[in-house]
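See structure below.
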Amino acid sequence: MKQNIGTLNALIRITLGFTVLAWSIARLSRRPYKQSHLVYAMLGGMKIAEGFTRFCPLTYAYDKSQEKSKADEQPYLTTYNPS
């Protein structure tokens, strides 16, 4: 797994991930029956993991699709017939 995000980006992801996780846990303690807060907690945890590992699967997928689209582009070969 190759790192594909920078240090500043990783720190921002860790900070925002902990913020979302803390917010969702606080909401879950008041309303444990709300499933949406559990989803927010999982998303916050995912952002924390992305920050620690410095690997983002969405960035990886985007980079791979860009490489594929560049490989698919072929220069147009036009022939010039002067007659």
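Each residue of the sequence shown is one higher than the one before, starting from 184 at the first, in the numbering used here.
In this text, a Cβ means the ideal position worked out from N, Cα and C, and glycines have one as well.
Alpha-carbon spacing of residue i relative to residue j, whole angstroms
i	j	result
arginine 214	phenylalanine 201	20 Å
phenylalanine 235	serine 212	26 Å
Residue from the options whose Cα sits closest to the Cα of residue i
i	options	result
isoleucine 195	Gln249, Ala244, Lys247, Arg237	Arg237
isoleucine 197	Ala209, Lys185, Leu226, Arg210	Leu226
Endpoints, the alpha helix (DSSP H) within which residue i is located
i	result
lysine 251	240-255
arginine 213	190-213
methionine 184	Taken as a continuous stretch (DSSP letters only), methionine 184 belongs to no alpha helix (DSSP H), as it is neither H nor E.
lysine 230	218-236
Beta-carbon proximity check, residue i vs residue j, cutoff 7 Å
i	j	result
glycine 228	leucine 191	no
serine 207	alanine 224	yes
Sufficient close CB pairs (3 or more, under 8 Å) joining the region 217-224 to the region 244-256: Not touching, per the Cβ criterion.
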